[in-house]
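*Asks:* For the sequence shown, the residue numbers in this note's numbering are 1 to 265. Glycine included, every Cβ here is placed at the ideal spot set by N, Cα and C. Computed from a predicted structure; not experimentally measured. Mind having a look at this structure? Questions to follow.
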Amino acid sequence: MSDPTAEVTHTVAGGVAYLALNRPEALNAITPAQRDRLITLLGEASADPSVRAVVLTGTGRGFCAGADLRGGGASGERIPGDVARMIRQGAQRLIAAVLDCEKPVLAAVNGTAAGLGAHLALACDLVLAAESARFIEVFVRRGLVPDGGGAYLLPRLIGPRRAKELMFFGDAVSAADAERLGLVNRVVPDGELEKTAREWAERLATGPTRALALTKQLVNASLDSDRTTAFAAEAAAQEINMTTEDAREGVASFVERRSPEYRGR
Numbered sequence: 001m002s003d004p005t006a007e008v009t010h011t012v013a014g015g016v017a018y019l020a021l022n023r024p025e026a027l028n029a030i031t032p033a034q035r036d037r038l039i040t041l042l043g044e045a046s047a048d049p050s051v052r053a054v055v056l057t058g059t060g061r062g063f064c065a066g067a068d069l070r071g072g073g074a075s076g077e078r079i080p081g082d083v084a085r086m087i088r089q090g091a092q093r094l095i096a097a098v099l100d101c102e103k104p105v106l107a108a109v110n111g112t113a114a115g116l117g118a119h120l121a122l123a124c125d126l127v128l129a130a131e132s133a134r135f136i137e138v139f140v141r142r143g144l145v146p147d148g149g150g151a152y153l154l155p156r157l158i159g160p161r162r163a164k165e166l167m168f169f170g171d172a173v174s175a176a177d178a179e180r181l182g183l184v185n186r187v188v189p190d191g192e193l194e195k196t197a198r199e200w201a202e203r204l205a206t207g208p209t210r211a212l213a214l215t216k217q218l219v220n221a222s223l224d225s226d227r228t229t230a231f232a233a234e235a236a237a238q239e240i241n242m243t244t245e246d247a248r249e250g251v252a253s254f255v256e257r258r259s260p261e262y263r264g265r
């Protein structure tokens, strides 16, 4: 059982790792320590055969209000290269950890997701949003360029024109509008978010885990691939997948006209 006072809580139940940012008094503005802890936990989830899905959420009223700019990391004299290095080693490494996690990652967005917090949610494979959730490309309000992979993620999700509109104006996007734009999979009443996230995650956790990992890898890579490369990757992924126990079980259950029982192997 995770320490409920930890700044990132971590529990595993039913094959699902539940990760929650836990600084509700700061709307879960993420500190370097929290960022590094999330990266570690996502890496551990990838390698742990008992974990077959991940849920990422926040405690309190906010999902994540972005990077904690009051933590002191932005103070002091800078020399050329400092900022780029900080972005590479910080926000970009966090987003990459979500994209590269070998288990499906589900975001349960329980309130405001702003800046890096929005990108953290949008990097996830599936996104559930409470009706009270809001997504804000807050960077322009601070005179900043979007970081944390935003200019990479948003155009791939909603196209360049919509992405520019959100990033140029920095307006808050309601959960309903986020669903309409394709930023989230589904909007649910606030009181049903946790239950729905658990149900979705448990479904993922009973699926063919390696097949899901390879599918995630194929879809993510396809956005940067030409057809020849994508088709070659697809064939190679299926070749690898057919060596798994779950693939054999899937075929056998079809032939035997029964429901499959996947073990994540």
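1) Would L116 and R186 qualify as a contact pair, given that the criterion is a beta-carbon distance under 9 Å?
2) So L94 packs on I136, CB below 8 Å; how close in whole Å?
3) Output the residue ranges of the alpha helix (DSSP H) runs that lie fully inside the region 8–77 and measure 4 residues or longer, sorted by chain position.
4) Measuring CA to CA, which of L144, R61, D125 is closest to A96?
5) Between R156 and K216, what straight-line distance do the alpha-carbon atoms span, to the nearest angstrom?
6) Along the chain, where does the beta strand (DSSP E) that runs through L116 open and close?
7) Tell me, please, whether the region 179–193 touches the region 145–162 by the rule of three or more beta-carbon pairs shorter than 8 Å.
8) Quick test of the definition: if touching needs 3 or more C-beta pairs under 8 Å, does the region 76–84 touch the region 100–118?
9) Buried or exposed: where does P189 fall if 16 or more other Cβ atoms within 10 Å of its Cβ makes it buried?
10) By a C-beta neighbour count over all protein chains shown, 10 Å radius and 16 as the cutoff for buried, is R23 buried or exposed?
11) Distance check for E192 and L153, CA to CA, integer angstroms please.
12) Could you say if the region 168–179 and the region 13–31 meet the contact criterion of at least three C-beta pairs nearer than 8 Å?
13) So, with DSSP's three-state summary, where would you put R258?
14) Should S46 and V12 be called a contact, given that it needs their Cβ atoms to be closer than 9 Å?
15) Identify whether V127 lies in helix, strand or coil by the three-state DSSP scheme.
16) Going straight from the alpha carbon of G58 to that of M242, what length do you get?
17) Taking 8 Å as the cut-off, does the region 25–44 touch the region 198–214 (at least 3 CB pairs, one atom from each stretch)?
18) Indicate whether A108 and V55 have their beta-carbon atoms separated by less than 9 Å.
19) Are A235 and A221 closer than 9 Å when you measure CB to CB?
*Replies:* In this structure, then:
1) no
2) Actually they do not touch by this definition, with Cβ atoms about 18 Å apart.
3) 32–47
4) D125
5) 15 Å
6) Segment 116–122 is the alpha helix (DSSP H) holding L116; no beta strand (DSSP E) there.
7) yes
8) no
9) exposed
10) buried
11) 27 Å
12) no
13) coil
14) no
15) strand
16) 37 Å
17) no
18) yes
19) no
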